[in-house]
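Trainee:
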Amino acid sequence: MSRSARIAAFTPNSTSILTKSNRKRKAQEEQVIVPTKQLNFDGLFRRQNWPFRNSLINYITKSPSNAKAWQKLIQSCKYFYAENPILVIENLRWEEEKEWLVSLNNDERPVDFSNISPKLWITNEFNVTLASPENISSIVPKIYKCDANFFRLLHDVISYEDFSFLSSNLEDIVLHNCIVKKDNASNVPLENLFAVLPKIKTIFL
Numbered sequence: 006m007s008r009s010a011r012i013a014a015f016t017p018n019s020t021s022i023l024t025k026s027n028r029k030r031k032a033q034e035e036q037v038i039v040p041t042k043q044l045n046f047d048g049l050f051r052r053q054n055w056p057f058r059n060s061l062i063n064y065i066t067k068s069p070s071n072a073k074a075w076q077k078l079i080q081s082c083k084y085f086y087a088e089n090p091i092l093v094i095e096n097l098r099w100e101e102e103k104e105w106l107v108s109l110n111n112d113e114r115p116v117d118f119s120n121i122s123p124k125l126w127i128t129n130e131f132n133v134t135l136a137s138p139e140n141i142s143s144i145v146p147k148i149y150k151c152d153a154n155f156f157r158l159l160h161d162v163i164s165y166e167d168f169s170f171l172s173s174n175l176e177d178i179v180l181h182n183c184i185v186k187k188d189n190a191s192n193v194p195l196e197n198l199f200a201v202l203p204k205i206k207t208i209f210l
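Residue numbers (our numbering): 6 to 210.
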């Protein structure tokens, strides 16, 4: 073998050097952790390839009947909330002459009903003190369903229709210095209130 051939045999090929260098740089880049974007609960969604008929999925989405099951559905797939924006909360209360507060898992926060689109599903308590009748009636359309078992109304006026809507699951009620009125502005007798309280156990007047 000639001297030049022997030198060439022991000299790394320039193409080989570049290839190794590229591999090393690529490996280093792959080791860099790129922060992922925070998922947006209200963002885009991809519909799942359901193993059920669309009619069944539509029924489940549009007619939820159990708050606990609905909470699991919207946590597991964004599709359900996007198609039917309902938020499950435990408590809704009015802080005296200030603001509405919602709570879930002991986390209580203020809510501005004029700036939210989803409806609320109350599972535990509806508590109102010194709210105007207009204030109460304005938020009832924002409630999808009221499964609250406790209801307290202090120094307020509420319509019979709103009272009936909120009372289907109530077991304990506190009414102090309150008036329940019909559309014709007449006061509703106490016995008529009991007629829309199928699960009532305790009522404090």
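Glycine residues also receive a C-beta, built at the ideal position from the N, C-alpha and C atoms. Owing to the predicted nature of the structure, the values given are computational and were not obtained by experimental measurement.
1. Could you give the C-beta distance for T66 and E95, rounded to a whole number, given that I count them as a contact under 8 Å?
2. Per DSSP, H160 is paired with what?
3. Here's the rule I'm using: 16 or more other beta-carbon atoms within 10 Å means buried, otherwise exposed. How should E196 be labelled?
4. In this structure, how does DSSP classify S108 when only helix, strand and coil are distinguished?
5. Work out the CA separation of T128 and P138 for me, nearest whole Å.
6. Buried or exposed: where does K150 fall if 16 or more other Cβ atoms within 10 Å of its Cβ makes it buried?
7. Give the single residue among S81, I178, A72 and A74 whose Cα lies nearest to the Cα of D202.
8. Starting from the Cα of F199, find the closest Cα among S70, F85, S169 and K103 and give me that residue.
9. For N111, tell me which candidate among L97, E102 and K103 has the shortest Cα-Cα distance.
10. For F209, is the classification buried or exposed, using 16 other Cβ atoms within 10 angstroms of its Cβ as the cut-off for buried?
11. Starting from W126, trace the beta strand (DSSP E) in both directions and tell me its first and last residue.
12. When the distance is taken between beta carbons, is P123 closer than 7 Å to L92?
13. My output table needs one value for V37: the three-state DSSP class, helix, strand or coil.
14. Can you round the beta-carbon distance between S164 and S191 to whole angstroms, since I take them to be within the 8 Å contact cut?
15. Checking 7 Å against the spacing of the C-beta atoms, do N182 and H160 come in under that value?
16. Considering only their Cβ atoms, is the gap separating L175 from L158 smaller than 7 Å?
Mentor: Taking the geometry as given:
1. Translated into positions along the sequence shown, residue 66 becomes position 61. Translated into positions along the sequence shown, residue 95 becomes position 90. For a cut-off of 8 Å, the C-beta gap from T66 to E95 is around 23 Å, too long to register as a contact.
2. The residue you call residue 160 lines up with position 155 of the sequence shown. Note: H160 sits in no beta bridge, so no partner.
3. Taking the sequence shown and counting its residues from 1, one reaches residue 196 at position 191. So E196 counts as exposed.
4. Within the sequence shown, residue 108 is the residue found at index 103, counting from 1. Strand.
5. Locating residue 138 in the sequence shown gives position 133, counting from the first residue. Locating residue 128 in the sequence shown gives position 123, counting from the first residue. P138 and T128 have their C-alpha atoms spaced approximately 23 Å apart.
6. As a working mapping, residue 150 is identified with position 145 in the sequence shown. Here K150 is buried. Its C-beta has 16 or more other C-beta atoms within 10 Å.
7. Position 197 of the sequence shown, counted from the start, is the residue given in the question as residue 202. The sequence given here places Leu at residue 202; Asp does not occur at that position. From the listed residues S81, I178, A72 and A74, the smallest Cα separation to L202 is found for I178.
8. Mapped onto the sequence shown, residue 199 falls at position 194. For F199, the nearest C-alpha among the options comes from S169.
9. Position 106 of the sequence shown, counting from 1, holds the residue named residue 111. Comparing Cα-Cα distances from N111 to each of L97, E102 and K103, the minimum goes to L97.
10. The sequence position of residue 209 within the sequence shown is 204, counting from 1. So F209 counts as exposed.
11. Here residue 126 corresponds to residue number 121 of the sequence shown, with the count starting at 1. Per DSSP, W126 belongs to the beta strand (DSSP E) from K124 to T134.
12. Locating residue 92 in the sequence shown gives position 87, where the first residue counts as 1. Locating residue 123 in the sequence shown gives position 118, where the first residue counts as 1. In contact: L92 and P123 (Cβ atoms closer than 7 Å).
13. Here residue 37 corresponds to residue number 32 of the sequence shown, with the count starting at 1. Note that V37 scores 41 on pLDDT, short of 50, meaning its location in the model is unreliable and no value can be drawn from it.
14. Working through the sequence shown from its first residue, we reach residue 164 at position 159. Working through the sequence shown from its first residue, we reach residue 191 at position 186. Wrong, their Cβ atoms sit about 11 Å apart, outside the cutoff.
15. Locating residue 182 in the sequence shown gives position 177, where the first residue counts as 1. Locating residue 160 in the sequence shown gives position 155, where the first residue counts as 1. Their beta carbons are under 7 Å apart, which means N182 touches H160 by this criterion.
16. What you label residue 158 is simply residue 153 of the sequence shown in a count that begins at 1. What you label residue 175 is simply residue 170 of the sequence shown in a count that begins at 1. In this structure, L175 does not lie closer than 7 Å to L158 by Cβ.
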